[in-house]
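Residue numbers (the working numbering), protein chains in the order written: chain A, 740 to 1284; chain B, 740 to 1284.
Every residue gets a Cβ at the ideal spot worked out from N, C-alpha and C, and that includes glycine.
Now the structure itself:
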């Protein structure tokens, strides 16, 4: 029988032909090599060249609607975001991807610093004893922990774990640094790599064995302060998704079954991919309560000289956010990047004709430089494509594949009209902008694109959320690839039964994505869609990544 | 017999009492627990309190001159830069240290981006086969490589190495991405952690088993371009040390014996710690030549459609730079931070008397706020210390320990005089600054401190460099804890003999630090200080970290 986890997963190409030139690497069992998306390098080779070349081979061979998984695998390679790596489940983040991660970092980092959070760096390694301190926590992670047992030709006396997350790395030191209420709050963050040797199907950005993230770890004297921060951070995570990546998310609380191992409770922002009908956890902000502070003995003296355990939070956002953004916006021509996160926002392409006189050509190039400067002064990230060995058509396709939000074309006619032709990546809409208006109109257009992309994605998600009061309605929604919002009795057994019963040969079972903070009223007497018991809250359900 | 490597090394406290509250961790053999420097937390506990408290316990118990190693170990903990960690050779970078690393990152990152270098991220793991591709290179690193052999309770089919550096991680992909001369230059950088399981004595910042760094990896069509970049980057490394950290360095080329494993040649900036008489490698910029491109088959088609191997460089700067800065400037009262890298540059301390009337107190606090705002507008990083449970004396000591470049005191007399008293951390010099001049004079003072600290360090280093033409002169210099600049026949056997012959029961042997780019003339007939053969160049020698 097909593993339903994999049936609608994006296929992973763990050892694509792209890596053919690389030295042979060992492959692990359980994962088979996949057919390889054609890298852009290939296309370039045939399409490029002094004569210009045609545009064939530049688009994507796969379609977002028809074969989402293949489309995604092809897209991330062709647009030069990712290279598949010869250690299974690990990926190379190429400059086009990493530059977006730097934008996310800059956005979030400046905001948490304003809240009073400080950056720091804790080691990659954890001793076995420390890792085992918090039982629920370690049980959640143990199967995925990678262990270092050797150095050079020697064996370590005891194996050392690679951090899957840093609660147990950090909290022994919290207990040393915190003595009195004057040492509180303690609010630390770090930007690091972590390793989780997962066996779910790996997918670039979405699920990888090593990934990049930030992890915040904070301690407060009171529950109220801790809970306040949980929501402050969740609001920033909403901001990363909605305001920066133009991806709509639902804020809510995780069910007990789905919450972080060892947490008091977990809050989350949940996104959704219409084409696969799957929800995806965007980022989580956990209130850890006093669970870890009791295990790690993190106490402070209050005003009455009594020892109190601190209240703690932890919260994390990963490179997965880029994957969600890509899946949300990209199309069959390639990436579609929201302007605020795009490494380059505008490409200026001069289009001389063969007959253009040298002086006219020079004037055109001067105008390109002038507009570039004017836009850069407005903070716009501009690239110019003045290469003379590619045709304009090739360049259009190239920058569409890379997802640049706006193209500016400058041909002889535009020179005559003292204007440029602009073309939006998201809608294809064209607009003539007079030279005199470039420095004001282009930044406006970029903000319009940003807003329109978000609105469009939000409408799609809203269209795919169905309110369901019965099991039949629920299964219709699921099989429509929709999410289901249901009244729920909030019992773990129901989640387990629902997951089992909604599993089909073609699709994984559904689970709760979250209990949304914003939900319709729940009048007394409303019944759980599944059990018929009195409903306690609304739950958002879906198949998920 | 004492191991001379350790005899003058900074003692490492691998399991200090600071970690007493943490769960017991396994200790490796070969390294013994060390006596523990008193953390500031302790001092706070006794010195602090509502009554103010005395200043005892605040200074350092060890002296830079008398017992450098203990002084350094105590300093990095007491100033809250570092916490010792329960995996031997790994350290926690606390916010005060990490904030300085962020300044270094910002400085260097913006400059390499201007040169056209792009950031990216490559995986932490390397397969064994790939690691073994370049023989000289792997031989240099093999004994220090950490190996992952397990995940959860399972054994990996083949062990996977943790990157000690990323040449072998990246270059298989360079060979895929580079096809024609249009794909060149390829200039990538990444900011990451790397692991080298070394058995030299670990020392915070200076030598740790996991450390943070940037590693640049670039490929060019021609030798000339590659060699140009090697020097461009070396100049930036000089800038990090001299212009940012106020640490004088000597630029030069490494001897064949000391160069990077697998390099064509290595250039370096070398610093020097007068108190220990030891040179220390600051950062290295390697020309890899075509060595790796031949091993990894990295070729491009030139204009004549001929396949050519690319020319490559790699270059790295680590958190060691902070350790060198600390060792260079700190004193028996604590850190002395150059203003440009200090997380906070100025502390403003209001000093009300018990008799100060409420309105006068309010006016004082308003003035503190006003000056803070005025300075922040000038880009000065300000902290105010308005805590009323510590005495002014305690605060002076505290901020001296943390190394803040400039203190501003505002007492009743200053209020009367419409001025503040300033006190420099580096010299102790005091200066009255009128309120009206604060926004202009304070930034000037910070630049003066920066320049004076560099000049003082440069003079100390110059005083400790002796030109030596004979073995006797050479040994006198070394035993004076000085560096020796000598004419040299540039033969590896000489280096080996010098190292052996200069090893004493108390001190390690000397080696070449570099062949300096700036050296005195070398008239024909000048003889090698050791062999008497014709000298080929000048070499800078020293005992070293």
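> In chain B, which residues lie with their C-beta within 8 Å of the C-beta of residue 883 of chain A?
Replying inline: Those are 890 and 891, listed as they occur along chain B.
> DSSP on residue 1011 of chain B, reduced to helix/strand/coil?
Replying inline: strand
>> Just verifying my parser: in three-state terms, what is the DSSP assignment at residue 977 of chain B?
In response: helix
> Under 8 Å Cβ-Cβ, which residues of chain B neighbour residue 816 of chain A?
Replying inline: Within chain B, no residue comes near residue 816 of chain A; the closest Cβ sits about 11 Å away, beyond 8 Å.
> Which residues of chain B have a Cβ atom closer than 8 Å to the Cβ of residue 951 of chain A, listed in chain order?
Replying inline: 860
> Could one say the Cβ of residue 829 of chain A lies closer than 9 Å to chain B's Cβ atoms, at least one of them?
Replying inline: yes
>> Taking only three categories from DSSP, how would you classify residue 1224 of chain B?
In response: strand
> Using the rule of at least 16 other Cβ atoms within 10 Å of the residue's Cβ for burial, across every protein chain shown, is residue 1194 of chain B buried or exposed?
Replying inline: Residue burial annotation: residue 1194 of chain B is exposed, with fewer than 16 other C-beta atoms found within 10 angstroms of its C-beta.
>> In whole angstroms, give me the CA-to-CA distance for residue 779 of chain A and residue 817 of chain A.
In response: With a pLDDT of 39 at residue 779 of chain A, under the threshold of 50, the modelled position of that residue is not reliable, and no figure is offered here.
> Within this structure, are the beta carbons of residue 1049 of chain A and residue 1145 of chain A separated by less than 9 Å?
Replying inline: no
>> Here's a check: name, in chain order, each residue in its chain whose Cβ is nearer than 8 Å to the Cβ of residue 993 of chain B, leaving out the five neighbours to either side.
In response: 999, 1004, 1005, 1006, 1007, 1023, 1251, 1253 and 1254
>> Once the 5 residues before and after residue 1107 of chain B are set aside, which same chain residues still bring their CB inside 8 Å of it?
In response: 1087, 1089, 1123, 1125 and 1149
> In the structure shown, what three-state DSSP assignment does residue 1293 of chain A receive?
Replying inline: Since the first and last residues shown for chain A are 740 and 1284, residue 1293 of chain A lies out of range.
>> Taking 9 Å as the threshold (beta carbon to beta carbon), is residue 1019 of chain B in contact with chain A?
In response: no
>> So, at 7 Å on beta carbons, what are the nonlocal neighbours of residue 758 of chain B in its own chain, with the 5 sequence-adjacent residues on each side left out?
In response: Here residue 758 of chain B scores only 36 on pLDDT, less than 50, and its place in the model is too uncertain to base an answer on.
> Whole-angstrom Cβ separation of residue 1053 of chain B and residue 954 of chain B, contact assumed at under 8 Å?
Replying inline: 6 Å
>> One question on the structure: do residue 900 of chain B and residue 864 of chain B come within less than 9 Å of each other, judged by their Cβ atoms?
In response: yes
>> Can you look up residue 921 of chain B in the DSSP assignment and give me helix, strand or coil?
In response: helix
>> Taking only three categories from DSSP, how would you classify residue 1082 of chain A?
In response: Note: residue 1082 of chain A maps to coil in three-state DSSP.
>> Quick check on the DSSP output: what are the complete beta strand (DSSP E) runs of length 3 or more inside the region 787-866 of chain B, in order along the chain?
In response: 821-823, 830-832 and 864-866
>> I'd like to know if residue 801 of chain A contacts chain B, where contact means its C-beta is closer than 9 Å to some C-beta of that chain.
In response: no
> Interface residues of chain A around residue 857 of chain B at Cβ under 8 Å?
Replying inline: 834, 837 and 838
>> Any beta carbon from chain B within less than 9 Å of residue 1133 of chain A's own beta carbon?
In response: With respect to chain B, the C-beta atom of residue 1133 of chain A has no partner C-beta closer than 9 Å.
> Short check: CB of residue 913 of chain A to CB of residue 958 of chain A, under 9 Å?
Replying inline: yes
>> Beta carbons nearer than 8 Å to chain A: which residues of the region 934-946 of chain B have them?
In response: 934 and 936
> Does any C-beta atom of chain A lie closer than 9 Å to the C-beta of residue 916 of chain B?
Replying inline: yes
> Just how far apart, CA to CA, sit residue 879 of chain A and residue 905 of chain B?
Replying inline: 32 Å
> Do the region 1231-1247 of chain B and the region 984-992 of chain B make contact, defined as three or more Cβ pairs closer than 8 Å?
Replying inline: no
>> For residue 821 of chain B and residue 831 of chain B, I'd like the C-alpha separation in whole angstroms.
In response: 5 Å
> Is residue 1017 of chain B helix, strand or coil when you go by DSSP?
Replying inline: strand
>> Under 8 Å, with one C-beta from each stretch per pair, do the region 925-941 of chain B and the region 850-861 of chain B reach the 3-pair mark?
In response: At 8 Å Cβ cutoff, the stretches touch.
> What three-state label does DSSP hand residue 1070 of chain B in the structure shown?
Replying inline: strand
>> Looking at chain A, is there any beta carbon in it that lies within less than 9 Å of the beta carbon of residue 898 of chain B?
In response: yes
>> I want to see whether chain A comes within less than 9 Å of residue 841 of chain B, judged by CB atoms only; does it?
In response: yes
>> Would residue 921 of chain B pass as an interface residue toward chain A - the criterion being a Cβ-Cβ separation below 9 Å?
In response: With respect to chain A, the C-beta atom of residue 921 of chain B has a partner C-beta closer than 9 Å.
> So what does DSSP say about residue 1157 of chain B, is it helix, strand or coil?
Replying inline: coil
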